């Protein structure tokens, strides 16, 4: 698993002499280390940056978690350098990066997404190259990346951020607004030329006709979707389905529907984006959320709607069934107006207008080891996100879910994570699960955090 964070922070500050990101716990025995060992340890300490109100801002990308698929975009983690130097080849491969690691990029990244072993980054630049991919590419979910040894072949693993070619008609005018990743497919949202899809289309999740026995490896195919009643303003990939939100507040879906996750009133696959009805009919939706097989939608008036898988009590408030194939309004008392929703594999979360986080479902939900499941939202105490009498203005401003973990960003730019810590996906410097929100050691002010990959 891995996470990617887009960070807006101050430019380089001074190096701290004490413990910092990536450094282990200090003990008395540590003082007796040799000078060489101490020098090596000091070299590992990252630059910690202080952010002042007048500090110049710089956009950065930090990555952490499982690295062996190349999804973190750092080749030396997978294939250690053997170049010149006294330490060449001395370090073993880094299977897990347990704390945030700065990804060296020249581009200003505005959107990032993690799939199952792969990552997409995008920029709103006017340059021809607007999207970069890294990691697993066996289904061409990162597009075609030509091999340097054989020009007719493509790479199944991309170890560093590499340009993703899009068939844009007006490449210098069109901007990429967002990227999203599923199990083995990807979506790219533009402002002028619709939505592009790449990767596995076995269930129609790429919004095109399913071709029996289609070979996805080393494919050049990038599909464009423009047949929406309105302009698409958000895309969201589930495991094998896709959601699209238009500027008219309408939701469309396609892909795998065996759990009702397409919300179209049946359990079949759908290969063309189709508008949802049910309780969403006539509702102005402002956000959709999915990652596993359950889906949530937030309306402009603060309402919450859900459909799809309910094996883990996600939709137990409106059904006793484990599957719901049409959107249903979720009337939760005590939550207030919902501002944002996040939906993982077994758990869900919402953020209300007061900046409070509510969780329900199954797993590590964030209120300690005693809360394993809940059919109704439970509020996580705001104090766990830093609210005190000395900091009364702190509140959560953004939430995200992975398959089995959560992330929350405060209005002060602090990132909190909790849940299953599979392969270091929480980025907290250790591999144990985290039962309540824990401040991740991400430097400066995080702007966005994107979900996990397996």
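Numbering (full-length UniProt numbering), first residue to last: 1 to 454.
Positions of the beta carbon are idealized from the N, C-alpha and C atoms, including for glycine.
The model shown is predicted, which means the values in this text are computed figures rather than measured ones.
Here the alpha carbon of residue 370 sits roughly 9 Å from the alpha carbon of residue 435.
With respect to the C-alpha of residue 259, the residue from 342, 251 and 270 having the closest C-alpha is 270.
The region 160 to 180 makes contact with the region 105 to 125: 3 or more CB pairs, one atom from each, lie closer than 8 Å. Rounded to whole angstroms, the gap between the alpha carbons of residue 118 and residue 160 is 11 Å. Bounds of the alpha helix (DSSP H) holding residue 77 are 75 to 78.
Look at the beta carbons and you see the region 280 to 296 touching the region 236 to 249: at least three pairs across the two are nearer than 8 Å. Secondary structure of residue 175 (DSSP, three-state): coil. Around residue 358, the same chain offers 335, 350, 377 and 379 as residues with beta carbons nearer than 6 Å, after the five sequence neighbours per side are excluded. Membership of residue 422 in any beta strand (DSSP E) is not indicated, and neither H nor E is assigned to it by DSSP. If you ignore the 5 residues before and after residue 210, its C-beta comes within less than 8 Å of the C-beta of 201, 202, 203, 204, 269 and 271, all in its own chain and listed in chain order. With 16 or more other Cβ atoms from the protein chains shown falling within 10 Å of its own Cβ, residue 428 counts as buried. Per DSSP, reduced to three states, the secondary structure at residue 68 is coil, with no helix or strand assignment. Annotation for residue 220: no beta strand (DSSP E) segment contains it, and DSSP assigns it neither H nor E. By the neighbour-count criterion, in which 16 or more other beta carbons inside 10 Å mark a residue as buried, residue 207 falls on the buried side. For residue 313, there is no enclosing beta strand (DSSP E), as DSSP marks it with neither H nor E. Closest by C-alpha distance to residue 184, out of 256, 106 and 341, is 256. In this chain, residue 256 is not harboured by any beta strand (DSSP E), its DSSP state being neither H nor E. In this structure residue 431 is exposed. Its beta-carbon is surrounded by fewer than 16 other beta-carbon atoms within 10 angstroms. Between the beta-carbon of residue 254 and that of residue 273 there is about 5 Å, and that keeps the pair under the 8 Å contact cut.
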